[in-house]
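Asker: Can you keep this structure in mind? I'll have questions shortly.
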Amino acid sequence: MFHPSELPSTPLNPIHPSQHHQSSPPNPKPTPTTDSGVFVKPPFPIFLRIPVELRLIIYRLLSAFTLLQLCNTHPRFQSEITSSPRIFTKAFGYTPPKATIPRKLRPPLTLTLSRFSRLASRQELEVLKRIVPPFRKDDGRSPRSICPVSRYATWDWQLPLGLVVYVCCGDEIGSHMLVNVDRTGSGGSVLTENL
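Residues 380 to 574, numbered by this note's numbering, are exactly what the sequence shown covers, in order.
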């Protein structure tokens, strides 16, 4: 006796009425190519292949500075991180704005470079040195501190273990100062790294 599972399976592809009398398939859409004419697939971060639930757990383990860098690499990262402010407001190094405006009238929390108070590692400091332009004297900005040597306006970040980092790029000095301070904020040893 004949059974239907013994029949060969043939995939059925719907045909548009305008294609009934065509003998060849329509031309495919043009694809992105390089100068050599070879197809180049747009980059897709491997990290996005991880399930969203797992990515959200990973985000909670990262510092605020790393989260900001991740937000700037792909729109989906930015959407996932900024859609839940708890992810970045609980991150190491994030400082919320001062509550001078009633809660109902406050703008939404944002993840910006001005919201950092600490960096998690020296690697983050190296990235920061590359992306933050140096300040100049009296440029009208509101600096966090003044470099004790060059008297140029600088940004300062606190690394773990009480190490405060002054990023100074004064014309006369051209160096980055690492000032070790104790918990009271009084001075300590000074290490200067020349550029």
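We treat Cβ as the ideally placed atom computed from N, Cα and C, and that holds for glycine.
Buried or exposed for F423, going by 16 or more other Cβ atoms inside 10 Å?
Answerer: For the purposes of this step, residue 423 is identified with residue 44 of the sequence shown, where counting begins at 1. That one is exposed.
Asker: Beta-carbon separation of F456 and F495 under 8 angstroms?
Answerer: On the sequence shown, residue 456 is found 77 positions in, with the first residue counted as 1. On the sequence shown, residue 495 is found 116 positions in, with the first residue counted as 1. No.
Asker: Who are the Cβ neighbours of I460 in its own chain at under 8 angstroms, not counting the five residues just before and after it?
Answerer: Stepping through the sequence shown from its first residue, residue 460 is reached at position 81. So the list reads Y438, L446, L449, C450, I466, F467, L490, once near-sequence residues are dropped.
Asker: Could you check which residue in P454, R501, L441 has the C-alpha nearest to that of Y473?
Answerer: The residue you call residue 473 lines up with position 94 of the sequence shown. Measuring from the Cα of Y473, the nearest candidate turns out to be L441.
Asker: Would you identify the three-state DSSP class for F467, choosing helix, strand or coil?
Answerer: As a working mapping, residue 467 is identified with position 88 in the sequence shown. Of the three classes helix, strand and coil, the one that applies to F467 here is helix, per DSSP.
Asker: On the three-state DSSP scale, how would you describe R497?
Answerer: The residue you call residue 497 lines up with position 118 of the sequence shown. R497: strand per DSSP, three-state reduction.
Asker: What is the rounded straight-line gap between the Cα of H453 and the Cα of F426?
Answerer: Translated into the one-based positions of the sequence shown, residue 453 becomes position 74. Translated into the one-based positions of the sequence shown, residue 426 becomes position 47. In a straight line, the C-alpha of H453 is about 11 angstroms away from that of F426.
Asker: Would R497 pass as a contact of F471 if the rule is Cβ separation under 8 angstroms?
Answerer: Taking the sequence shown and counting its residues from 1, the one referred to as residue 497 is at position 118. Taking the sequence shown and counting its residues from 1, the one referred to as residue 471 is at position 92. The answer is yes: Cβ separation under 8 angstroms.
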